[in-house]
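Colleague: Under my numbering, the first residue of the sequence shown is numbered 9, with each subsequent residue one higher.
Before I ask anything, let me first share the structure, which is written out below as structure tokens.
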Amino acid sequence: MKRVIDKTVDLDLDGVNGNAFMIMGVWRRQAVREGWSDDEIQAVLTEAKSSDYNHLLATIMNHCESKNDEL
């Protein structure tokens, strides 16, 4: 899957409640912390919501990269 925005947030979704709204909220808060613009955030969330739950999860995961994995 292609990224909507060629950026990722430092976020590991392991342990996050599987509810779609919770996933989007956690991701949005991290994107805001990292200085993403409202347009960038909205573009990712719009794409995530454009299909089913699996598409939402894949889109959000595609825009996450945990920096802790690099240790």
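For every residue, glycine included, the Cβ atom is placed at its ideal position computed from N, Cα and C.
1) Relative to the alpha-carbon of Met32, which residue among Ile68, Val40 and Asp14 has its alpha-carbon at the smallest distance?
2) Is it right to say Glu55 is buried, meaning 16 or more other beta carbons lie within 10 angstroms of its own, or is it exposed?
3) Should Gln38 and Leu65 be called a contact, given that it needs their Cβ atoms to be closer than 7 Å?
4) Just mark Gly26 as buried or exposed, buried being the case when its beta carbon has 16 or more other beta carbons within 10 Å.
Modeller: Result, derived from the coordinates:
1) Ile68
2) buried
3) Their beta carbons are not under 7 Å apart, which means Gln38 does not touch Leu65 by this criterion.
4) exposed
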